[in-house]
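Colleague: In the UniProt record's numbering, the protein residues as written are 1 to 240. Using N, Cα and C, we set each Cβ at its ideal position, and we do this for glycine too. Quick one: the structure is below, questions incoming.
Have a look at this one:
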């Protein structure tokens, strides 16, 4: 089974290289056209405005090898495929933050081979043209967090009323926000029936942060015990 898995990954890599040469110029054109036509939102956040807890939360749960790969994480793909095969499920994804950025900003959400190949080539182009910090900043300013909120300032404002001062976000709030892009509609905590899943996802993010050594056991316990209180909710609306 492992041999078949490795063979499949090798064939996929060859296909990406062959088709990538054809798509590269198209990808560059898409990036240039987007940069010339896209309106830059006024509520963009600079990387230094974003608390470390939120940056670590995003990286730990979405792309822990972000600063090591070149846009495509072959190790992550192999791990995800292996886990999906051995557990006979398709629960684990392997898209890097750069791929997610390419998909969010430049591409449709169609599940086609052409779109996936374009996504990979665009990810390589983004990595070639921008620094890692730039890519992380663009991701945080363009990803959808649900409830009509695109970008981290809008999300922090929508859920916690802290869009203009992101440094006021608590660790628990940062973890909840970091978990939303995975399924923004299903995890939207403003919908009462979504709250248990949103808290479960928040705690999953916190566990990932602890596993990667970014928070202590005490911080983990305190954040998990912090009630979920959305902006504008009264004292009686706390959700443990």
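Counting only the same chain and skipping the five closest in sequence on each side, list residues whose C-beta sits under 6 Å from that of residue 103.
Modeller: Only 119 meet the Cβ criterion.
Colleague: Express the C-alpha separation of residue 140 and residue 59 in angstroms, rounding to a whole number.
Modeller: Distance between the alpha carbons of residue 59 and residue 140 is about 11 Å.
Colleague: Below 8 Å on the Cβ atoms is my guess for residue 61 versus residue 205; work out the distance and round it to an integer in Å.
Modeller: Yes, residue 61 and residue 205 are in contact; Cβ-Cβ is about 5 Å, under 8 Å.
Colleague: If you pair each beta-carbon of the stretch 42-59 with each one of the stretch 167-179, do three or more pairs fall below 8 Å?
Modeller: With a cut-off of 8 Å, the stretch 167-179 and the stretch 42-59 count as touching, because enough Cβ pairs lie within range.
Colleague: Mind pulling the alpha helix (DSSP H) runs of 4 or more residues that sit fully within the stretch 88-159?
Modeller: Counting only runs of 4 or more, we get 97-106, 113-129 and 132-142.
Colleague: What number of angstroms, rounded off, separates the C-alpha of residue 283 from the C-alpha of residue 207?
Modeller: Because the chain is modelled from 1 through 240, residue 283 falls outside the range shown and cannot be assessed.
Colleague: If you draw a straight line from the alpha carbon of residue 221 to that of residue 176, how long is it in whole angstroms?
Modeller: Using only the alpha carbons, I get a separation of about 15 Å.
Colleague: Spatial neighbours of residue 202 within its chain, please: C-beta separation below 6 Å, excluding the five flanking residues on both sides.
Modeller: Only 175, 176 and 179 meet the Cβ criterion.
Colleague: Can you list, in chain order, the residues of its chain whose CB lies under 6 Å from that of residue 66, leaving out five sequence neighbours each side?
Modeller: Correct list, in chain order: 59 and 97.
Colleague: With a threshold of 16 other CB atoms inside 10 Å of the CB of residue 99, please say whether the residue is buried or exposed.
Modeller: So residue 99 ends up on the buried side.
Colleague: So, residue 45 versus residue 166, is the Cβ gap smaller than 8 Å?
Modeller: Yes. Within cutoff.
Colleague: Let me know the secondary structure DSSP gives residue 233 once reduced to three states.
Modeller: Here residue 233 sits in coil by DSSP.
Colleague: Can you name, in chain order, every residue of its own chain whose Cβ lies under 7 Å from the Cβ of residue 24, other than the five neighbours on each side?
Modeller: Low confidence applies to residue 24: its pLDDT is 49, below 50, so where it sits in the model is not reliable enough to give any reading.
Colleague: Would you mind sorting residue 138 into buried or exposed? The rule is 16 or more other CB atoms within 10 Å of its CB.
Modeller: By the neighbour-count rule (16 or more Cβ atoms within 10 Å), residue 138 is buried.
Colleague: Which two residues bound the contiguous alpha helix (DSSP H) that contains residue 203?
Modeller: Run containing residue 203: 195-211, per the alpha helix (DSSP H) assignment.
Colleague: What does the Cβ neighbour count give for residue 158, buried or exposed, with the cut at 16 atoms within 10 Å?
Modeller: Residue 158 comes out buried.
Colleague: Whole angstroms is fine: what's the gap from residue 72's alpha carbon to residue 233's?
Modeller: Near 41 Å, if we compare the C-alpha coordinates of residue 233 and residue 72.
Colleague: Out of 117, 107 and 188, which one is the CA nearest neighbour of residue 147?
Modeller: Checked all of 117, 107 and 188; the closest Cα to residue 147 is 188.
Colleague: Using C-beta distances below 8 Å, list every residue in its chain close to residue 216, excluding the 5 sequence neighbours before and after it, in chain order.
Modeller: Only 210 meet the Cβ criterion.
Colleague: What span of residues does the alpha helix (DSSP H) with residue 179 cover, start to end?
Modeller: Element bounds for residue 179: 171-179.
Colleague: Contact defined as beta carbons within less than 8 Å: I believe residue 101 pairs with residue 126. What is the distance between those atoms, to the nearest angstrom?
Modeller: With 8 Å as the limit, residue 101 and residue 126 qualify as a contact, their Cβ atoms being about 6 Å apart.
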